[in-house]
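Going by this note's numbering, the sequence shown opens with residue 7, and the numbers climb by one from there. These notes concern the structure reproduced below.
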Amino acid sequence: MKFLSFFLLGILPFAALSQTRPANDRPNVIIILTDDQGYADVGFNGSTEIPTPEIDRIANNGVVFTSGYVSYAVCGPSRAGLLTGRYQDRFGFSKNPLLAPKDPQMGLPLSEETMADLLKNVGYTTGVFGKWHMGAHPDLIPNKRGFDEFYGFLSGGHRYFPEEYVLQDLTEAKTQIDGYRTKLLRNTTRVEETEYLTDALSREAVDFVERHHEEPFFIYLSYNAPHTPLQATEKYLKRFSHIEDKKRRTYAAMVSAVDDGVGALLDKLEELEIDENTLVFFLSDNGGPSPHNSSDNAPLRGFKGDFYEGGIRVPFAVQWKGVIPAGIKYDHPVISLDIFSTAAAVSKATPKNSLDGVNLVPYLTGAIQDVPHEELFWRNYNNAKFAVRTADSKQITVGEKVELFDIQKDISEKVNLASEQLSRVEKLRRIVKEWESTLMDPIFMGLSEGAEYNKIHPDRFDQ
Ligand code: CA
């Protein structure tokens with residue numbers, strides 16, 4: 007109750023304050039993002055085949071979002087939403103960007119403020135570790151988008167074994183997939199990495215905390231695991247000798263490597279006694295592409311790329327010890343866009359642009375009993391597909407084709423109610439239409455338009 011009243015007064019509770027910082031300071035913010043992890047593939051969502059005891063610590067210390075969404079069903083647009091707190095179609099980031107190091111339009115437009123910009127402006131030290139995917143042009147790299155430190159790669163994915171990083175840099179790339187084989191970047195310098203990629207990213211995040219724990223910091227730990235290619239080391243594979251299917255076993259090992267990294271990071275926060283002064287979010291950037299990486303979205307229908315729940319509802323949890331409750335499930339729909347708004351509120355930063363998310367903290371403490379969102383929306387521009395989620399409904403439309411689900415009772419989206427509930431369908435169509443009117447057309451060609459892009463830009467990779 008004490009916490010609650012402090013929140014109502016807009017003052018941070020004493021319990022949330024670091025043992026090593028002045029009493030008026032603001033919490034650190036950490037986002038741990040996995041890539042293409044299935045809804046079912048964390049312990050806190052029921053997985054027994056792939057134990058994730060370390061990731062589960064976040065759930066035990068905090069809140070599991072059972073209806074936690076991302077703003078798109080594939081990597082790039084989802085991450086653009088996460089990093090800006092805005093539906094990415096508001097600024098034309100509607101598709102997975104192509105790897106195009108010479109194209110200043112291919113990525114997150116400069117009109118947008120990133121969460122790193124926001125937090126850096128109010129004195130946070132900011133670091134991103136792993137996959138960027140927001141543009142490879144020199145104007146769009148992490149160090150130009152608010153991040154003090156970057157360790158990782160600019161492309162949409164990467165191989166995991168250092169001996170396969172054979173390209174010195176993107177000047178040697180000839181195709182989209184060559185981005186997976188570059189040496190890693192430390193800021194703008196290529197380095198020789200020797201560790202398995204997931205372990206390297208975890209190491210860098212822990213090291214960043216070690217170096218910056220006496221100042222407010224923001225970490226975006228952007229693992230590419232368990233995105234393809236499926237590659238794991240023996241250390242992790244041997245934990246899953248009971249899984250016969252090799253793909254599934256390797257996927258499980260990749261998730262387990264992330265789990266170890268999350269454990270190391272949480273241990274470091276506790277060791278430095280800053281765990282009560284740090285918000286830690288964990289989520290996947292989209293649902294599992296089960297046929298490709300053997301991920302499991304059960305009980306959700308569909309996969310990465312779909313607007314069925316399996317594409318957009320993800321494993322999602324947050325901890326802020328001493329401030330938000332521990333060990334609870336929160337079922338009202340929330341979205342990755344809320345992380346930006348939450349970060350702005352706790353850091354007392356003023357966002358440059360209008361946001362689509364809400365500060366989740368008062369909802370989780372119980373200070374606000376209302377639902378965070380009346381509606382959540384999705385658009386797939388190329389396919390003219392839309393989805394909307396309300397408290398009890400989920401509707402997906404492609405032109406005249408409509409699917410309506412009673413999502414509270416039918417989480418697996420089995421029964422299409424559209425033909426018998428016409429007025430509900432029309433009402434949701436109107437709401438979506440109104441939202442659509444606030445969006446922009448795409449500002450760049452996407453992954454599926456690579457051949458067309460190459461015709462217009464024959465010098466895409468040339469020096
Ligand atoms: Ca992804």
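Ideal Cβ positions, reconstructed from N, Cα and C, are used throughout, including at glycine. For clarity, every value in this text was computed on a predicted model and none was experimentally measured.
Any beta carbon from chain C within less than 9 Å of R319's own beta carbon?
Note that chain C does not occur in the displayed structure, where there is just one protein chain.
Answer yes or no: do I330 and V69 have a C-beta to C-beta separation smaller than 9 Å?
Residue mapping note: residue 330 aligns to position 324 of the sequence shown, counting from 1. Residue mapping note: residue 69 aligns to position 63 of the sequence shown, counting from 1. Cβ distance < 9 Å, so I330 and V69 count as in contact.
Is it the case that the Cβ atoms of F84 and N386 are separated by a distance below 9 Å?
In the sequence shown, counting from the first residue as 1, residue 84 sits at position 78. In the sequence shown, counting from the first residue as 1, residue 386 sits at position 380. Before going on, a small fix: residue 84 reads as Ser here, not Phe. Taking 9 Å as the Cβ cut-off, S84 and N386 do not qualify as a contacting pair.
Could you tell me the boundaries of the beta strand (DSSP E) in which F214 lies?
Here residue 214 is taken as the residue at index 208 of the sequence shown, counted from 1. Unbroken run through F214 is the alpha helix (DSSP H), 203 to 218; no beta strand (DSSP E).
Tell me whether D47 is buried or exposed, calling it buried when 16 or more other Cβ atoms sit within 10 Å of its Cβ.
The count along the sequence shown starts at 1 and reaches residue 47 at position 41. D47 is buried by the Cβ-count criterion.
Can you name, in chain order, every residue of its own chain whose Cβ lies under 7 Å from the Cβ of V377, other than the five neighbours on each side?
For this step, residue 377 is matched to residue 371 along the sequence shown. Taken in chain order, the residues that qualify are H338, A397.
Taking DSSP's pairing of strands, which residues face Q414 in a bridge?
For this step, residue 414 is matched to residue 408 along the sequence shown. Note: Q414 sits in no beta bridge, so no partner.
Compute the Euclidean distance between the alpha carbons of K137 and V128, then round it to the nearest angstrom.
Here residue 137 is taken as the residue at index 131 of the sequence shown, counted from 1. Here residue 128 is taken as the residue at index 122 of the sequence shown, counted from 1. Those two C-alpha atoms are separated by around 25 Å.
Check whether the Cβ of K244 sits closer than 8 Å to any heavy atom of ligand 1, and report yes or no.
To locate residue 244, count along the sequence shown from 1; it is residue 238. No, the Cβ of K244 stays beyond 8 Å of every heavy atom of ligand 1.
Identify every residue that forms a DSSP beta bridge with E380.
The residue given as residue 380 occupies position 374 in the sequence shown. Bridge partners of E380: none, in fact.
Could you have a look at I341 and say whether DSSP puts it in helix, strand or coil?
Position 335 of the sequence shown, counted from the start, is the residue given in the question as residue 341. Three-state result, I341: strand.
Can you tell me whether H298 sits near ligand 3, meaning its C-beta is under 8 Å from at least one heavy atom of the ligand?
Only ligand 1 can be found as ligands here, which leaves ligand 3 out of the picture.
Which runs of the alpha helix (DSSP H) spanning at least 4 residues fall entirely within the segment 50 to 80, listed in chain order?
59 to 67
Count the other CB atoms, across all protein chains shown, that sit within 10 Å of the CB of R151; report buried if there are 16 or more and exposed otherwise.
Position 145 of the sequence shown holds residue 151. So R151 counts as buried.
Does P232 pass the burial test, meaning 16 or more other C-beta atoms within 10 Å, or should it be called exposed?
Counting from 1 along the sequence shown, the entry for residue 232 is found at position 226. Buried.
Per DSSP, A323 is paired with what?
Taking the first residue of the sequence shown as 1, we reach residue 323 at position 317. Paired residue(s): V70, F288.
beta-carbon D291 near ligand 1 non-hydrogen atom, thresh 8 Å
Reading the sequence shown from its first residue, position 285 is the one you call residue 291. Because some heavy atom of ligand 1 lies under 8 Å away, the Cβ of D291 counts as near it: yes.
For N30, I'd like the list of residues in its chain whose CB is within less than 6 Å of its CB, leaving aside the five on either flank, ordered along the chain.
As a working mapping, residue 30 is identified with position 24 in the sequence shown. At N30 the pLDDT is 42, less than 50, meaning the model places this residue with poor confidence and gives no usable figure here.
Helix, strand or coil at R43 [DSSP, three-state]:
Indexing the sequence shown from 1 puts residue 43 at position 37. The sequence given here places Gln at residue 43; Arg does not occur at that position. It is coil, neither helix nor strand.
Excluding five sequence neighbours on each side, which residues of the same chain lie with their C-beta closer than 7 Å to the C-beta of V404?
Numbered from 1 along the sequence shown, position 398 holds the residue referred to as residue 404. So the qualifying residues of the chain are N389, A390, K391.
In the structure shown, what three-state DSSP assignment does E221 receive?
Start at 1 with the first residue of the sequence shown, and residue 221 comes out as number 215. In this structure, E221 counts as coil in the three-state DSSP scheme.
Please report the distance separating the alpha-carbon of P448 from that of K244.
What you label residue 448 is simply residue 442 of the sequence shown in a count that begins at 1. What you label residue 244 is simply residue 238 of the sequence shown in a count that begins at 1. Their Cα atoms are separated by approximately 45 Å.
Spatial neighbours of G163 in its chain, beta-carbon cut-off 6 Å, leaving aside the 5 residues before and after
Position 157 of the sequence shown, counted from the start, is the residue given in the question as residue 163. Excluding positions up to five away in sequence, the list reads Y186, N230, H233.
Less than 8 Å between the CB of S84 and some heavy atom of ligand 1, yes or no?
Here the question's residue 84 lines up with position 78 in the sequence shown. The answer is yes for S84.
For the segment 422 to 434 and the segment 343 to 362, state whether three or more C-beta atom pairs, one from each stretch, are separated by less than 8 Å.
no
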